[in-house]
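**Q** Supplied in structure tokens, the structure appears directly below.
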Amino acid sequence: MTPDKPADFIREIVTEDIKNRKYDSRVHTRFPPEPNGYLHIGHAKSICLNFGIAKEFNGLCNLRFDDTNPTKEEVEYVESIKEDVKWLGFDWDKREYYASDYFEKMYGYAVELIKKGKAYVCDLNADDIREYRGTLTESGKESPYRNRSVEDNLELFEKMRKGEFPDGSRTLRAKIDMKSGNINMRDPVIYRIMHAEHHRTGNKWCIYPMYDYAHCVSDSIEGITHSICTLEFEDHRPLYDWFLDELGVYHPRQIEFARLNLSYTVLSKRRLIRLVQEGHVNGWDDPRMPTISGFRRRGYTPESIRNFCERIGVAKRDSLVDMALLEYCIREGLNKSAQRVMAVLKPLKVVITNYPENQTEELEAINNPEDESMGKRKVPFSRILYIERDDFMENPPNEFFRLAPGREVRLRYAYYITCVDVIKDKTTGEVTELHCTYDPATRGGDSPDRRKVKATLHWVSASHAIKAEVRLYDHLFTKPVPGEESNDFKTDINPKSLELLKQGFVEPSLADAKSGDRFQFERMGYFCVDRDSTNEKPVFNRTVTLKDTWAKIEKAKR
Ligand code: ATP
Ligand code: MG
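Quick note on numbering: our numbering labels position 360 of the sequence shown as 362, and the sequence is numbered without any gaps.
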């Protein structure tokens, strides 16, 4: 174990188990997604935990698809999950397993439970079962089918498997205790009838095991040592233990931790599916989605996501993590690795009236002041430029230090310029162009007489720049906990979560940028090339702004 890693309660348990030679001091975890949607950042927490612990303790981690519900699962999801786990930097080697591979074994175990008098076929329908189950304050009622003979149960269960009964007409249930204080122990369903095609087993089965049964049996078959899951399964642990004890098979230990909740988004596949299917976003990998694929497309790096997961740690109590912390981690990573370039998102034309027409010069620019080894590049300068429209004000208030009539500012890596004239559209009054003069003595952006200017602006040369579409993203929801007040998370969808800028310009060095490449646009944020990008029309996603709201939050706390 790496000494600088803070030991959390799970790592403490694992350390203790190794010391006590439990499971022969082996460590074997698993990440068990149900292939019914794309993975989100909450899953990343679980992945980092399971694969991370396996790595730190010289153990193994399996990738197991919990594919026991044929109606909601698809091959597309299996493929996306594998891609996302790999991209996050984890490797399951050849241990790619499917709960459906164990269906035969699970069936055999169920037969054993019946023979032990620990399971029975029940003819109650779903509504009746629910009613008989009782409530938190009221104990349950025993099913009239609870005391069927072992022979009858075996025969009926076999007929269930053979497809002799319609969907929902019968179930196999564990015979535990209808008076248990834990509702999960009140004769839970083990198998249900479902005449549905499965993405791997086809039509071989028409009965499917329930999660609680399938999960512990799968863990046992794979020789898992520590079965790490989220807190909502704490009340299911007695059932996990009951199945394995009654079957008398190898018995892993279930450990629960608090799931990740993140502000300004939702982390539930059920809700994410609705956002996709109802068209609130453009697919699972929409850069506004909290999915791994959305974050990848947005420009987040796997290192930063892993770093985030490490920082939030694991705890026993639910909490809400601030989205600003995730953004802080992304920014911190990109600050070191992303090349800085100049791009103008909302252009305003500037004519340098005393600069020779048809002249171009190449000025030297630094690729990343944080890392000299990233080197330098040349950016072309000429008579007609674009600057950011927001960097000019005709009648500036006191606190506005950027360009204004009569004022001098620095153009990054270039010259000092002074605004001498403002050209407007005669009908609308809109500023269409600025006329400026430059001081040739300030080449490179330094003035020999140490004349002070209050602002440094980014710019591009109009005839050299490349036109680009830029997509700015904001939170997908307007509230930290969507739906907290209205009970419908969709009422809090942010109508302004995407701002499309079609008139942007980027410096010519970006001509060869490829999909996925990341940059800092000076003063504007971190951006990455979208997969929609073409040579004719480059498209950039804003990954994250430069403004560090997390630092502000931290400062306010102090
Ligand atoms: P969802 O609620 O999004 O549908 P799930 O728990 O149904 O999630 P699974 O595919 O069953 O999704 O999850 C696979 C693993 O990831 C499980 O071990 C689960 O506990 C874990 N996991 C899911 N969501 C989170 C989360 N928000 N934080 C941490 N772990 C999570
Ligand atoms: Mg689940």
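The beta-carbon is built from N, C-alpha and C at its ideal position, and this holds for glycine as well.
Using a 10 Å radius around the Cβ and a threshold of 16 neighbouring Cβ atoms, would you call L138 buried or exposed?
**A** Looking at its Cβ environment, which holds fewer than 16 other Cβ atoms inside 10 Å, L138 is exposed.
**Q** Residue range of the beta strand (DSSP E) that C124 falls in?
**A** Taken as a continuous stretch (DSSP letters only), the beta strand (DSSP E) holding C124 covers 121 to 124.
**Q** Using the beta-carbon count (16 or more within 10 Å), is E501 buried or exposed?
**A** It counts as exposed.
**Q** Below 7 Å CB to CB, which residues in the same chain sit around P450 once its five sequence neighbours on both sides are set aside?
**A** Closer than 7 Å at Cβ, skipping near neighbours: A443.
**Q** Would Q256 be called buried (16 or more neighbouring beta carbons within 10 Å of its own) or exposed?
**A** When all chains shown are included, Q256 counts as buried.
**Q** Using a Cβ-Cβ cut-off of 8 Å, state whether Y417 counts as contacting chain B.
**A** Among the protein chains of the structure shown there is no chain B, as only one such chain exists.
**Q** Any heavy atom of the ligand ATP closer than 7 Å to the beta-carbon of F105?
**A** No; taking the cut-off as 7 Å, the Cβ of F105 has no heavy atom of the ligand ATP nearer than that.
**Q** I'd like the span of the beta strand (DSSP E) that includes K380, first residue to last.
**A** Here the beta strand (DSSP E) through K380 covers 378 to 383.
**Q** Touch check for the stretch 541 to 550 and the stretch 415 to 434: three-plus C-beta pairs under 8 Å?
**A** Short answer: they don't touch.
**Q** Helix, strand or coil, according to DSSP, for I495 in the structure here?
**A** In the structure shown, I495 sits in a strand (DSSP, three-state: E or B).
**Q** Could you compute how far the alpha carbon of A515 sits from the alpha carbon of S535?
**A** Each residue's alpha carbon lies about 10 Å from the other.
**Q** In whole angstroms, what separates the C-alpha of E236 from that of Y252?
**A** If you take the alpha carbons of E236 and Y252, they lie about 20 Å apart.
**Q** Rounded to whole angstroms, what's the CA-CA distance from I12 to T232? Just pull it up for me.
**A** Rounded to whole angstroms, I12 to T232 spans 12 Å at the Cα level.
**Q** Using a threshold of 8 Å, state whether the C-beta atoms of Y528 and L328 are closer than that.
**A** Cβ distance not < 8 Å, so Y528 and L328 don't count as in contact.
**Q** Considering T17, what are the terminal residues of the alpha helix (DSSP H) in which it resides?
**A** Start and end: 11 to 21.
**Q** So if DSSP puts C421 in a beta bridge, which residue, or which two residues, is it bridged to?
**A** Answer is C438, bridged to C421.
**Q** Just the residues with CB closer than 5 Å to a heavy atom of the ligand ATP, in chain order, which are they?
**A** Qualifying residues come out as P35, E36, G44, H45, K47, S48, C231, T232, R261, L262, L269, S270, K271.
**Q** Which residues bound the beta strand (DSSP E) around C635?
**A** Outside the shown range of the chain, which is 3 to 560, sits residue 635, and nothing can be said about it.
**Q** Only counting the same chain, and skipping five residues up and downstream in sequence, which positions put a Cβ closer than 8 Å to that of R239?
**A** Q256, E258, listed in sequence order.
**Q** Determine the DSSP secondary structure at T203, reduced to helix, strand or coil.
**A** Three-state result, T203: coil.
**Q** Nearest to S306 by CA position, among H460, T545, C208, K84, is which residue?
**A** It is T545.
**Q** Please state whether DSSP places F167 in a helix, a strand or coil.
**A** Here F167 sits in coil by DSSP.
**Q** Tell me which residues share the same chain as E334 and place their Cβ nearer than 8 Å to its Cβ, disregarding the 5 neighbours each side in the sequence.
**A** Around E334: S306, N309.
**Q** Using 8 Å as the threshold, is the stretch 124 to 138 in touch with the stretch 87 to 107, meaning 3 or more CB pairs across them?
**A** Judged by Cβ distances under 8 Å, the stretch 124 to 138 makes no contact with the stretch 87 to 107, as fewer than three pairs qualify.
**Q** Between which two residues does the beta strand (DSSP E) harbouring P1 extend?
**A** In the structure displayed, the chain extends from 3 to 560; residue 1 sits before or after that span and is not available.
**Q** Skipping 5 residues on each side, what residues in its chain have a beta carbon closer than 7 Å to that of S499?
**A** So the list reads R290, Y475, D476, H477, L478, once near-sequence residues are dropped.
**Q** What residues are listed by DSSP as bridge partners for I332?
**A** In DSSP, I332 forms no bridge with anything.
**Q** What first and last residue would you give for the alpha helix (DSSP H) that runs through P240?
**A** Segment 239 to 249, the alpha helix (DSSP H) holding P240.
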